[in-house]
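Heads up, the final residue of the sequence shown is numbered 296 in numbering that gives the first Met the number 0, and it's a clean run with no missing numbers. Every residue gets a Cβ at the ideal spot worked out from N, C-alpha and C, and that includes glycine.
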Amino acid sequence: MKNHEEYFDDFPLYKFHLSPCRYELKDSSIQRLVNCISTHPLFDIRQLNDQTSATWKSLININLPQHAFLKDHKIQEAILFSAVAYLELATAACHQLLSSKDDEQQATIIFEDVKFVKVLILNEHELVEVFTQISMPMCKWYIIFCNQDNLDKYSLNEFTLHAQDKIEIDSKQQKSLTVPDRWTIQDIRSAYAHLSTHAYQYGSSFEKIKTLRGTSTTIISELSNDNNNCSSYYLLHPYLALLPGVETTILPVRIQKFIYSSKTKAKMNRSTNVEVRGKYHDNICDIGQEEIYNLDL
């Protein structure tokens, strides 16, 4: 007959990898309000872990008004956390770390070799925890998803990597991307109608194109933002990550270069330029299958 200690020896071992976190300090929040540092609506809690990286935890609830625009990014009947949403989080994190600098001398944020590793599907019945992590001193960023179901099933808090890239901060003015026009779409509604036939079911929050032009390998678009409630963030458009001339539903897996620069000419006049450059020489994953393309963006 076993004694009590032997019964305990048969129990499974449980291991938890949980990082301590705290809310923003009162002095820090007051300083942020004084400096008018805007908080991105996808951001939630700034964590304190081992002091070697800056980490933000975001609780995504698409039923909330500030997250409802994510429901407008629907592909093949699935609500996907878009590629540009990852860029939103990484850009906002860099802005927060650089917030002490003067807006007149705002540094240009450059992401190189952006990789989208795994798709993240959202639904209205489940909350999703997304972690944005920047390796200091601002050399890389990662966006990971914590699956709490694994914690219950396997007693191990596992993370799934969804996107990553390298960061470069440059105060020099970047050369603009100039491409001779080979085609121009005058009727933007027809462009969205064409996308809808290929399972890109964009809602009004992602229908922001004013002009659209380009070549066989390049797309250049001008975006509008008429929603005053969205003035604190950027709402980058998924059209920036589309491949021209490919008649299928695809998801981007890599962007070679992403450039974000913002200069304040006056207090009420802000000009923003966003450029995305990429070369696709990789497998591009369809939702239902995997194919290989060899195109330039």
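1. Taking Q75 as part of the alpha helix (DSSP H), name the residues at either end of that continuous run.
2. Within the same chain, show all residues whose beta-carbon is closer than 8 Å to that of K139, passing over the 5 residues directly before and after it, in chain order.
3. Go ahead and pull the three-state DSSP assignment for V113.
4. Whole angstroms are fine: how far does the CA of L69 sit from the CA of I61?
5. Are F42 and Q75 closer than 9 Å when you measure CB to CB?
6. Please report the distance separating the alpha-carbon of C20 from that of T214.
7. So which of V113, I142 and W182 has the shortest CA-CA distance to L119?
8. Have a look at T54, I208, L88 and H193 and flag the residue whose alpha-carbon is nearest the alpha-carbon of H39.
9. Just how far apart, CA to CA, sit S204 and I184?
10. Hey, could you find the ends of the alpha helix (DSSP H) R212 is sitting in?
11. Short of 6 Å in beta carbon distance, which residues of its chain neighbour G202, apart from the five on each side in sequence? Order them along the chain.
12. In terms of alpha-carbon separation, which member of K209, A106 and E128 lies closest to T90?
13. Where E123 and F80 are concerned, what is the direct C-alpha to C-alpha distance, given to the nearest angstrom?
14. On the premise that I78 lies in contact with L126, defined as a C-beta separation below 8 Å, what is that separation, rounded to the nearest angstrom?
15. State the beta-bridge partners of T90 as determined by DSSP.
16. Check the DSSP bridge columns for Q163 and list the partner residues they point to.
17. Grouping DSSP H, G and I as helix and E and B as strand, with all else coil, what is F205?
18. Please say whether W55 and T159 have beta carbons closer to each other than 9 Å?
19. Count the other CB atoms within 10 Å of the CB of L97; is the residue buried (16 or more) or exposed (fewer)?
20. How is Q132 classed by DSSP in three states: helix, strand or coil?
21. Going by DSSP in three states, Q255 sits in which element: helix, strand or coil?
22. Can you tell me whether S57 is helix, strand or coil according to DSSP?
Reading off the structure:
1. Unbroken run through Q75: none, as it is neither H nor E.
2. I133, Q163, D164, K165 and I166
3. strand
4. 7 Å
5. no
6. With a pLDDT of only 45 at C20, under 50, the local geometry of the prediction cannot be trusted, and the value read off the model is given with reservation. Whole-angstrom Cα-Cα distance: 48 Å.
7. I142
8. L88
9. 20 Å
10. Note, R212: premise wrong, no alpha helix (DSSP H); beta strand (DSSP E) at I208 to G213.
11. D71
12. A106
13. 13 Å
14. Incorrect: roughly 14 Å between the Cβ atoms, too far for contact.
15. Bridge partners of T90: none, in fact.
16. K114 and Y141
17. helix
18. no
19. exposed
20. strand
21. strand
22. strand
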